[in-house]
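Here is the structure we will look at, set down as structure tokens.
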Amino acid sequence: QKEVEQNSGPLSVPEGAIASLNCTYSDRVSQSFFWYRQYSGKSPELIMSIYSNGDKEDGRFTAQLNKASQYVSLLIRDSQPSDSATYLCAAPYLGSGNTGKLIFGQGTTLQVKP
Amino acid sequence: DAGITQSPRHKVTETGTPVTLRCHQTENHRYMYWYRQDPGHGLRLIHYSYGVKDTDKGEVSDGYSVSRSKTEDFLLTLESATSSQTSVYFCAISDRTGNQPQHFGDGTRLSIL
Chain W
25 QKEVEQNSGP LSVPEGAIAS LNCTYSDRVS QSFFWYRQYS GKSPELIMSI YSNGDKEDGR
85 FTAQLNKASQ YVSLLIRDSQ PSDSATYLCA APYLGSGNTG KLIFGQGTTL QVKP
Chain S
1122 DAGITQSPRH KVTETGTPVT LRCHQTENHR YMYWYRQDPG HGLRLIHYSY GVKDTDKGEV
1182 SDGYSVSRSK TEDFLLTLES ATSSQTSVYF CAISDRTGNQ PQHFGDGTRL SIL
């Protein structure tokens, strides 16, 4: 199993719907997670961090962490065409010590159709 | 936005030539990273730095070297560029260890012919 896994998609949702992006992880990562959004031809941009079990909401975005099942999700409510991008899940390597290294999933491409 | 500047933003060069990419930060962050991103492979760590003159290899370090003589600058060098090193290169920084996110520069698109 890869340390952090995402379905590459594309995930297609209609405008106004809830988009649900999922990420599973192994025991080899520390249980803090970061969601990045990457528009085509641009760099990854941090949009959410989640460190504890449960939900964290920020505007239209909700990150959910379920440590028992080893998955983390990003929900986007009222999806807009401007949300169309690739979403990357990332977590620190367990035992990465004084390096700050992150392991990134392959990313899920989201398409929001008007 | 984190103050990270990558230069050049685009470069085309020939096989066998040396290439140096620069990452400059104004955040005074301790940690800096170089990634390459290729279709089907996602982001892959090349080298990273945890302080001035302190660097280490990532998962795809062959053919690359780095240097960090000042907190604000992290240089990535391709000693003798090959076509397989055609990619988009991103620099990232983070402030502390202990499960902190990284923030990315705008990237350098490098083509080696």
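Chains as they are written, first to last, in this note's numbering: chain W, 25 to 138; chain S, 1122 to 1234. Positions of the beta carbon are idealized from the N, C-alpha and C atoms, including for glycine. A quick note: this is a predicted structure, and the numbers were derived from the prediction, not measured.
Beta-bridge pairing of residue i - partner residues as DSSP gives them
i, result
"S:T1229", "S:Y1210"
"S:R1151", "BP columns for S:R1151 are empty, so no partner."
"W:A109", "W:L134"
"W:I127", "W:A115"
"W:P38", "W:K137"
"W:E69", "W:R61"
"S:G1172", "S:D1175"
"S:V1133", "S:S1232"
Close Cβ partners of residue i (< 6 Å) along its chain, the five nearest in sequence each way excluded
i, result
"S:Q1223", "A1213, S1215"
"W:D79", "T86, Q88"
"S:T1198", "T1141, S1186"
"W:S32", "Q130"
"S:S1128", "R1143"
"S:R1230", "H1131, V1209"
"W:A114", "F58, L126, F128"
"W:T133", "G33, P34, T110"
Chain-order list of residues whose beta-carbon lies under 7 Å from that of residue i (same chain, five-residue window excluded)
i, result
"W:E39", "S103, Q104, P105, V136, K137, P138"
"W:T48", "E29, Q94, Y95"
"S:Q1158", "L1164, S1208, V1209, F1211"
Amino acids of chain S, ordered along the chain, whose beta-carbon sits closer than 7 Å to that of residue i
i, result
"W:K91", "None at all; the shortest Cβ gap to chain S is about 14 Å."
"W:Q130", "G1163"
"W:F58", "P1222"
Residue-level contact to chain S via CB, residue i, 8 Å cutoff
i, result
"W:P68", "yes"
"W:P116", "yes"
"W:S54", "yes"
Beta-carbon neighbours of residue i, restricted to chain S and to distances below 8 Å
i, result
"W:Y10", "What is shown of chain W runs 25 to 138, which leaves residue 10 of chain W out entirely."
Min CB distance residue i to chain W below 8 Å
i, result
"S:H1224", "yes"
"S:S1232", "no"
"S:Y1171", "yes"
"S:F1211", "yes"
Proximal residues of chain W, C-beta to C-beta of residue i below 7 Å
i, result
"S:Y1152", "G124"
"S:L1142", "Simply none; closest approach about 14 Å."
"S:D1159", "Correct list: empty, because the minimum Cβ distance to chain W is about 11 Å."
"S:D1227", "S67"
"S:L1166", "K125"
Other residues of its chain near residue i: CB distance less than 8 Å, five sequence neighbours each side excluded
i, result
"S:L1196", "T1141, L1142, R1143, C1144, V1187, S1188, R1189"
"W:G124", "P116"
"S:T1176", "H1168, Y1169, S1170, V1187, S1188, R1189"
Chain-ordered chain W contacts of residue i [CB-CB under 9 Å]
i, result
"S:S1215", "G124, L126"
contact_flag[the stretch 1134-1153 of chain S, the stretch 47-60 of chain W] where n(CB pairs < 8 Å) is 3 or more: Put simply, the stretch 1134-1153 of chain S does not touch the stretch 47-60 of chain W. Fewer than three CB pairs are less than 8 Å apart.
Measuring CB atoms only, is the stretch 1178-1189 of chain S touching the stretch 1126-1138 of chain S, in the sense that at least three cross pairs come out at less than 8 Å? Contact fails: fewer than three Cβ-Cβ distances are below 8 Å.
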